[in-house]
Amino acid sequence: MTSTGRADRTVTMREVAERAGVSVTTVSHVVNDKPGARIGAEARARVQQAVVDLGYRPNVLAKNLVQGTSAFIGLVADSIATTPFAGQIIRGAQEEAWRHGHVLLVANTEADEAAERDALAMMLEYKVRGILYSTWTHRATELPPALAETDHVLVNCYAPGTATRAVVPDEVAGGRSATALLLVQGHRRIAFVNTTSPSPAREGRLQGYREAHAEAGVEVDEALVLDASPEQEGGYGAAERILALGATGVFCHNDRVAMGLYDALRERGLRVPRDMAVVGFDNQEVIAGHLRPPLSTVALPHYELGAAGVRVLLGEQRVEPGASLRVACPVIARDSISAR
Numbered sequence: 119m120t121s122t123g124r125a126d127r128t129v130t131m132r133e134v135a136e137r138a139g140v141s142v143t144t145v146s147h148v149v150n151d152k153p154g155a156r157i158g159a160e161a162r163a164r165v166q167q168a169v170v171d172l173g174y175r176p177n178v179l180a181k182n183l184v185q186g187t188s189a190f191i192g193l194v195a196d197s198i199a200t201t202p203f204a205g206q207i208i209r210g211a212q213e214e215a216w217r218h219g220h221v222l223l224v225a226n227t228e229a230d231e232a233a234e235r236d237a238l239a240m241m242l243e244y245k246v247r248g249i250l251y252s253t254w255t256h257r258a259t260e261l262p263p264a265l266a267e268t269d270h271v272l273v274n275c276y277a278p279g280t281a282t283r284a285v286v287p288d289e290v291a292g293g294r295s296a297t298a299l300l301l302v303q304g305h306r307r308i309a310f311v312n313t314t315s316p317s318p319a320r321e322g323r324l325q326g327y328r329e330a331h332a333e334a335g336v337e338v339d340e341a342l343v344l345d346a347s348p349e350q351e352g353g354y355g356a357a358e359r360i361l362a363l364g365a366t367g368v369f370c371h372n373d374r375v376a377m378g379l380y381d382a383l384r385e386r387g388l389r390v391p392r393d394m395a396v397v398g399f400d401n402q403e404v405i406a407g408h409l410r411p412p413l414s415t416v417a418l419p420h421y422e423l424g425a426a427g428v429r430v431l432l433g434e435q436r437v438e439p440g441a442s443l444r445v446a447c448p449v450i451a452r453d454s455i456s457a458r
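For the sequence shown, our numbering assigns the number 119 to the initial residue and increments by one for each residue that follows.
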C-alpha cells in the first residue's frame, strides 16, 4: 500500500504532477532522467518526493519506446536452462549483465520454432539492448530472421558466412591441454577416444591432441586415434582396443566416455591411474568429481561464455564482425593421472 492508501489502482503521472505542482512534461523529464532538461533543483526535488509519497512506478515499456532501448538484455536458448552444466551460461550472462546495470530476460525454447519466434518478438517489443542467442552444444547454427532487427551475439554456436559475432569454447586449446596433462607425466602412448559425431569439438580436440604431441616432440601413432559413441558405452567398448595397442594413457572426448572406460578397466582388474591414466573433457561435476579416483578433465567454460557474450554485446570486449572470440577451457587436475 502507498503512503496515501492507494493499493487498488495504478498511480498516474498526472497525479504526481498535481502533488508536486508542476506539469506532466516536467514529471516525465524527471522520472525518465531526460538529458538536457532544464528543471530547477527545487522542482526536481518536489517531483521526486511526490513519486515516493504516491508510490508511482514508471511505465517501463513506454519509457523504452521513448528512448528506443532499455536496460534489458535478451537470452534465447534451445535447452541450456534444463541442462545442468550448460545452465552456467545463463548465470554468467546474468551476473555480467547486472555488473553493467542491465537485467537478463531468458527464454528457453526447447528448440521449438514457434516458441523461439514468440520469444524474439517479445524481446524486440521490450526494446532490449540486444540478444544473446545460444545453443547447449557448440555447433553451427542458422540465424532466426528476427535477430537482424537488433544487436546480437551468438554464444556457444556460430553462423558461417555471416557477419554475426560469436563467443565459443577454444576446442583446440582444450584438446591440447588435455593431452599435455598426460605428456608431462611421461606418457608417450596416449590413445584418443574421439566422438563419431561431426562437430567443432570432434575436429578441434583432435587437432589439439596432435599439436600437443608435436610440441612435445612425440610422433602420433595413428592407430591410437579411435572413434566411439560419445556416451558411456563408447568408452566401455573402446577399452579392448586401447589395451591391445599398449596405451598407457587415454584422452577421452568427454567425461561420459571416460566413465565407461573406468568401468571396463575395473572389470579387467585394472586400476586408474596405476594401470591406465585417464583424462576427460567437459568437467560434468556429477561424473568427473565423483568417479573413483576423481577424473582429471578440461572444463567447458560455460559461465565465461555467457559473461563474455554480454561484454561483446555491450562493446566492453571487441570482436570483429563475423569473427569468433575463443574462450579458454580450464584444466581440472584430479587423481586419474600418474607418472610413467
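Ideal placement from N, C-alpha and C gives every residue a C-beta, glycine not left out.
Since the structure is predicted, the reported quantities are computational estimates derived from the model, not experimental observations.
Same chain only: Cβ atoms within 6 angstroms of residue i, ignoring 5 sequence neighbours per side
i      : result
Ala382 : Tyr354, Ala357
Ala298 : Ala330
Ala309 : Leu342, Ile360, Ala365, Val368
Length of the line joining the Cα atoms of residue i and residue j
i      : j      : result
Val271 : Val375 : 32 angstroms
Ala291 : Thr259 : 22 angstroms
Gln286 : Met394 : Rather than Gln, the amino acid found at residue 286 in this sequence is Val. In a straight line, the C-alpha of Val286 is about 32 angstroms away from that of Met394.
His218 : Arg436 : 16 angstroms
Thr201 : Pro348 : 17 angstroms
Leu379 : Glu214 : 38 angstroms
His420 : Thr268 : 24 angstroms
Val142 : Pro262 : 41 angstroms
Cys275 : Glu228 : 16 angstroms
Glu422 : Val445 : 7 angstroms
Leu300 : Ser456 : 8 angstroms
Arg124 : His220 : Here the model assigns Arg124 a pLDDT of 44, short of 50, so the residue's position is not dependable and the matter cannot be decided.
Leu363 : Ile450 : 27 angstroms
Pro448 : Pro391 : 21 angstroms
Beta-carbon gap between residue i and residue j smaller than 9 angstroms
i      : j      : result
Thr415 : Ala330 : no
Ala195 : Pro439 : no
Gly248 : Arg294 : no
Val428 : Leu443 : no
Val311 : Ala346 : yes
Arg410 : His371 : no
Thr400 : Ala417 : A small fix is needed here, since residue 400 is Asp in this sequence, not Thr. Yes. Within cutoff.
Leu242 : Ala264 : yes
Ser454 : Leu388 : no
Coil, strand or helix - residue i by DSSP
i      : result
Leu413 : coil
Asp345 : strand
Arg124 : Legend: pLDDT at Arg124 = 44, less than 50; position of this residue unreliable, no value from coordinates given.
Val194 : strand
Ile308 : strand
Val285 : strand
Tyr114 : Any property of residue 114 remains undetermined from this structure, which presents the chain solely from 119 to 458.
Tyr244 : coil
His483 : Nothing can be reported for residue 483: it is not among the residues displayed for the chain, which extend from 119 to 458.
Arg257 : strand
Val149 : helix
Thr144 : helix
Leu265 : helix
Asp400 : strand
Arg374 : helix
Ile444 : Strictly speaking, residue 444 in this sequence is Arg, with Ile absent from that position. In this structure, Arg444 counts as strand in the three-state DSSP scheme.
Tyr327 : helix
Ile208 : helix
Gly367 : strand
Val449 : strand
Tyr380 : helix
Same chain, Cβ closer than 8 angstroms to residue i, five either side skipped, listed in chain order
i      : result
Arg162 : Val148
Gly208 : In the sequence on display, residue 208 carries Ile and not Gly. For Ile208, where only same-chain residues beyond five positions count, the Cβ hits under 8 angstroms are Leu193, Ala195, Ile198, Ala199, Leu222, Val224, Gly424.
Leu344 : Ala309, Phe310, Val311, Asn312, Ala356, Arg359, Ile360
N-terminal and C-terminal residue of the beta strand (DSSP E) that residue i is part of
i      : result
Leu222 : 221-226
Ala395 : 395-397
Val437 : Note, Val437: premise wrong, no beta strand (DSSP E); not H, not E.
Segment limits, alpha helix (DSSP H) that includes residue i
i      : result
Thr201 : Neither: Thr201 is in no alpha helix (DSSP H) and is coded neither H nor E.
Ser295 : 289-301
Gly424 : 420-431
Tyr354 : 350-362
Gly335 : Run containing Gly335: none; DSSP gives neither H nor E here.
Arg392 : Careful: Arg392 lies outside any alpha helix (DSSP H) and carries neither H nor E.
Beta-carbon proximity list for residue i, same chain, < 7 angstroms, skipping 5 on both sides
i      : result
Val338 : Arg328, His331
Val134 : Val145, Val165, Ala168, Val169, Leu172, Tyr174
His305 : Thr366, Gly367, Ala395, Arg458
is_contact[residue i, chain B] using C-beta, thresh 9 angstroms
i      : result
Leu344 : Given the protein chain composition of this structure (a single chain), no chain B is represented.
Any non-hydrogen atom of the ligand ZN within 8 angstroms of residue i CB
i      : result
Gln402 : With respect to small molecules bound, the structure shown includes none, and the ligand ZN cannot be examined in it.
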